[in-house]
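Letter 78 of the sequence shown, counting from 1, is numbered 77 in numbering that gives the first Met the number 0, and no numbers are missing.
Backbone N, C-alpha and C fix where the C-beta goes; we use that ideal spot for every residue, glycine too.
The structure appears below as structure tokens.
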Amino acid sequence: MNREFDGITVLHGIECNIGPDGIPDLPSAVLKDFDLVIASIHSRQGKHDDEITKRILAALHNDHVDILGHLTGRILLRREPSVLDLPAVFEAAAGLHVALEVNGYPSRLDLSDSDCRKAKEYGVAFSLGSDAHATGDLQHMKLAVATARRGWVSADEIINTRRLDNLRAWLGI
């Protein structure tokens, strides 16, 4: 598409699962070919502070991970957020240059506005997402924007509001 259409650039990205050991479920040989990698916990979620925190911290240390998706794993009215050491995650994400997703899907809204505000204190970068699984879900991006605004996150702290050259520089591509 990048060769076929002028004025549009498509980045090659993927969301992968963070395994029980904190390692993404795709090998490094595959992940290295993507422009952007989002890592999220989709299985074996729980309320075990140490276990979940260790998984996330291990994923943050993976050289291919650019964004950590729906950090607490909460699903409103269905699953409570995982209890984890947020300050340790925020500090690691900021230091390792990994953005935290603000997920606008109505049943997630994860990070919360108050968690965004806390993460800002550590110098964390953010990425806004709709968690779209169908085109109609793209409208949920407005909820991610609203959540980030309530958390006092500014446009310059959000990687996917940047100019393409600035985003590429942030991603190292």
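{"Item": "Alpha helix (DSSP H) segment containing A124, residue limits", "Value": "It is not in any alpha helix (DSSP H) - A124 carries neither H nor E in the DSSP assignment."}
{"Item": "Closer than 9 Å to chain C by CB, E156", "Value": "Here chain C cannot be found, since the structure has a single protein chain."}
{"Item": "The segment 112-128 contacting the segment 79-96, beta-carbon criterion three pairs below 8 Å", "Value": "yes"}
{"Item": "First through last residue of the alpha helix (DSSP H) which encompasses V29", "Value": "S27 to L30"}
{"Item": "Check whether W169 and R161 have beta carbons under 9 Å apart", "Value": "yes"}
{"Item": "Simplified DSSP assignment, three categories, for G135", "Value": "helix"}
{"Item": "Classification of H60 by the beta-carbon crowding that lies within 10 angstroms, buried from 16 upward", "Value": "exposed"}
{"Item": "Distance between beta carbons of L70 and L110, contact taken as under 8 Å", "Value": "6 Å"}
{"Item": "Burial state of S113 (16 or more Cβ within 10 Å)", "Value": "exposed"}
{"Item": "Status (buried if at least 16 other CB within 10 Å, exposed otherwise) for D130", "Value": "buried"}
{"Item": "Option nearest V29 by Cα separation, candidates C15, H41, T52 and A91", "Value": "C15"}
{"Item": "Beta-carbon proximity of V126 to L163, cut-off 9 Å", "Value": "The question names Val, but residue 126 in the sequence shown is Ser. No; because the gap between Cβ atoms is not below 9 Å, this pair is not in contact."}
{"Item": "Range covered by the beta strand (DSSP E) that runs through A38", "Value": "L35 to S39"}
{"Item": "L110 - DSSP class collapsed to helix/strand/coil", "Value": "coil"}
{"Item": "C-alpha distance - A145 paired with G128, whole-angstrom precision", "Value": "12 Å"}
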